[in-house]
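Peer 1:
In our numbering, the protein residues as written are 20 to 305.
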């Protein structure tokens, strides 16, 4: 058989996030196939900078996109395993999404940056510190977050129980929040009201949630989307989505939604619940 093999390639990007969200993978075009995954990734000076981990493929074989775990991340994990026998990561307790230009306009941000909090874990570190859905996390310990994917990677690398300083954007102003991180353990261890037309600028037909639907969605308000057309459909809103808030203000009826749209300046950010997930959707109005 083949005793040793060496392949070469170039670095396409750093900080790629895949399924876990905790590892800032190095993306290369180094050929990785069964037998050489787990091997070292060297730089031009012969220094080990990563561990070849996985590929992106539709066929099961190498297709030119490979990912390696940065060596500092691997060393940190190895040290934890040697010391405690398991891996722990810092936990903030939020679900985040990228800040697009449309969302930045909706929230009054000068430019797209940071991580938008779409939902907060009940009883988690973020909720205890007062972080709310609709906040935009701009800085972690004084360092700006250029992209939302940077936040989970950096939080995971911090020891649980550590206090971190967050700069957030809320109501067109910044504020400082101190959060004591929790722990993420390694995984190894229908009466219906008739639809109300918001129509007009958004192109939505909505109705209030029934009591049963409110319990299922774990919310006291919200509007079920019956039909979506125009700007709402173009933004990706679908029938069955639940509109929970508009530009950070909860909506309980179509009139409140209409009022929020009228007050918006070009974009309105809708907090949508779709199944078990919540996300902000920017809708252009005009």
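Positions of the beta carbon are idealized from the N, C-alpha and C atoms, including for glycine.
For the putative contact between residue 220 and residue 250, defined by C-beta atoms under 8 Å, what is the C-beta separation to the nearest angstrom?
Peer 2: At roughly 7 Å, the Cβ-Cβ gap stays under 8 Å, so residue 220 and residue 250 are in contact.
Peer 1: What are the complete beta strand (DSSP E) segments, minimum 3 residues, inside the stretch 84-147?
Peer 2: The qualifying runs are 85-89, 107-110, 113-117, 134-139.
Peer 1: Express the C-alpha separation of residue 254 and residue 261 in angstroms, rounding to a whole number.
Peer 2: Distance between the alpha carbons of residue 261 and residue 254: 15 Å.
Peer 1: Are residue 89 and residue 69 close, meaning C-beta to C-beta below 8 Å?
Peer 2: In contact: residue 89 and residue 69 (Cβ atoms closer than 8 Å).
Peer 1: Does DSSP put residue 150 in a helix, in a strand, or in coil?
Peer 2: Coil.
Peer 1: In chain order, what residues of the same chain have a beta carbon less than 7 Å from the beta carbon of residue 298, not counting five sequence neighbours either side?
Peer 2: Here the set comprises 116, 137, 291.
Peer 1: Measure from the alpha carbon of residue 59 to the alpha carbon of each residue in 42, 87, 47, then state which is nearest.
Peer 2: Of the listed residues, the one whose Cα sits closest to residue 59 is 87.
Peer 1: Skipping 5 residues on each side, what residues in its chain have a beta carbon closer than 7 Å to that of residue 208?
Peer 2: Per-residue confidence for residue 208 stands at a pLDDT of 31, beneath the threshold of 50, marking its modelled position as unreliable; the derived number appears in the next sentence. Here the set comprises 105.
Peer 1: Within the continuous beta strand (DSSP E) that includes residue 246, where are the two ends?
Peer 2: Run containing residue 246: 242-247, per the beta strand (DSSP E) assignment.
Peer 1: Can you give me the Cβ contacts of residue 257 inside the same chain, cut-off strictly under 8 Å, excluding the 5 residues immediately before and after it?
Peer 2: So the qualifying residues of the chain are 244, 247, 293.
Peer 1: So, are the CB atoms of residue 155 and residue 118 less than 8 Å apart?
Peer 2: Contact flag set, yes.
Peer 1: Quick check on residue 277: does DSSP put it in helix, strand or coil?
Peer 2: Correct three-state label for residue 277: helix.
Peer 1: Helix, strand or coil for residue 195, going by three-state DSSP, please let me know.
Peer 2: Strand, per DSSP.
Peer 1: Enumerate in chain order the residues of its own chain whose CB-to-CB distance from residue 62 is below 8 Å, with the five nearest sequence positions on each side excluded.
Peer 2: Around residue 62: 68.
Peer 1: If I'm right that residue 288 touches residue 266 with Cβ under 8 Å, what's the distance once you round it to whole angstroms?
Peer 2: About 5 Å separates the two Cβ atoms, so the contact holds.
Peer 1: Measure the beta-carbon distance from residue 179 to residue 200 and round it to whole angstroms, keeping in mind my assumption that it falls under 8 Å.
Peer 2: Confirmed, about 5 Å.
Peer 1: Indicate the three-state DSSP secondary structure (helix, strand or coil) for residue 51 in the structure shown.
Peer 2: Here residue 51 sits in coil by DSSP.
Peer 1: When burial is assigned at 16 or more other CB atoms within 10 Å of the CB, is residue 193 buried or exposed?
Peer 2: Residue 193 comes out exposed.
Peer 1: Using 10 angstroms around the beta-carbon of residue 127, count the other beta-carbons present and answer buried if the total reaches 16, otherwise exposed.
Peer 2: Its Cβ having fewer than 16 others within 10 Å, residue 127 is exposed.
Peer 1: My guess is that residue 276 and residue 225 are in contact by the Cβ rule of under 8 Å, so how many angstroms apart are they, rounded?
Peer 2: That belief holds up - the Cβ atoms of residue 276 and residue 225 are roughly 7 Å apart, short of 8 Å.
Peer 1: Can you give me the start and stop residues for the beta strand (DSSP E) that residue 74 sits inside?
Peer 2: Where residue 74 is concerned, the enclosing beta strand (DSSP E) stretches over 67-74.
Peer 1: Looking at the structure shown, is residue 301 part of a helix, part of a strand, or coil, going by DSSP?
Peer 2: Correct three-state label for residue 301: strand.
Peer 1: Under the criterion of a Cβ to heavy atom distance below 7 Å, does residue 166 qualify as lining the ligand HEM?
Peer 2: Here there are no bound small molecules, and the ligand HEM is not part of this structure.
Peer 1: Which residue from 33, 24, 72, 150 puts its Cα closest to that of residue 134?
Peer 2: Here the closest residue by C-alpha is 150.
Peer 1: Leaving aside the five residues before and after residue 174 along the sequence, list all residues of the same chain whose C-beta is less than 8 Å from its C-beta, in chain order.
Peer 2: If we look at residue 174 and ignore the five residues flanking it on each side, its Cβ neighbours are 108, 109, 110, 111, 159, 183, 200.
Peer 1: Under three-state DSSP, which class holds residue 263?
Peer 2: In this structure, residue 263 counts as strand in the three-state DSSP scheme.
Peer 1: Which residues in the same chain have their Cβ closer than 6 Å to the Cβ of residue 85, if we skip the five residues on either side of it in sequence?
Peer 2: Cβ within range, chain order: 47, 49, 51, 74.
Peer 1: Based on Cα-Cα distance, which residue from 121, 41, 197 lies nearest to residue 146?
Peer 2: Per the Cα distances, 197.
Peer 1: Taking the beta strand (DSSP E) that residue 156 belongs to, which residues open and close that run?
Peer 2: Segment 155-159, the beta strand (DSSP E) holding residue 156.
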